[in-house]
Amino acid sequence: MGSDSENEKSVKEKKKLMAVSPIAKPLAGKKISKRVLKLVRRAAEAKCLKRGVKEVVKSVRRGHKGLCVIAGNISPIDVITHVPILLEEADIPYIYVPSKEDLAVAGATKRPTCCVLVMTKPNKGELAQEVQEKLQAEYNQVVADVKELTASLF
């Protein structure tokens, strides 16, 4: 019985990867994807997250910094094709994850999300020192992984 559920999981993973757009580079592997989604979940709890293309673009244009996580299975892809260019101009690291549904679950929202911007500080109010340090440490680790993945790609 255990092998059936593992087999179903691998089939679901393959379907997710089949739906990924060809422009989704750098695409996070399983390990980095899990780490990125964990960071998104933490940021959502700390209210340091911007969800959706409109909010992310607005934040980037206002000069906010962070890590952008983009879903790789967006259809039509034209919705997000301008985002990586905008992020590169603003010198903000970004990474693609295979599923918009997983990104939505991690971002604590019910609707599938195209992209999120993880910031280390909330726009309003302050975080507890302990929460701030934990979020910052995890953020730094993920950004280092993303930069390493991007460097190996280009």
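Each residue of the sequence shown is one higher than the one before, starting from 1 at the first, in full-length UniProt numbering. Don't be surprised by glycine CBs; every beta carbon is placed ideally from N, CA and C. None of these values were measured; they are calculated from a predicted model.
Buried or exposed for Met1, please, with buried defined as at least 16 other CB atoms from any protein chain shown within 10 angstroms of its CB.
Low confidence applies here, because Met1 scores a pLDDT of 47, under 50, leaving its location unreliable; read the following figure in that light. So Met1 counts as exposed.
As a quick exercise: from Lys134, Leu86, Gly125 and Glu130, pick the residue whose alpha carbon is nearest that of Leu117.
Leu86
Selected residue, minimal CA-CA separation from Pro84, among Ala43, Pro26 and Ile32:
Pro26
Please state the DSSP three-state secondary structure of Ala106.
helix
Does the distance from the CB of Val146 to the CB of Ile92 come in under 7 Å?
no
Closest by C-alpha distance to Glu45, when choosing among Glu148, Leu153, Leu127 and Leu149:
Leu127
Can the beta-carbon of Ser21 be found closer than 7 Å to that of Gly52?
no
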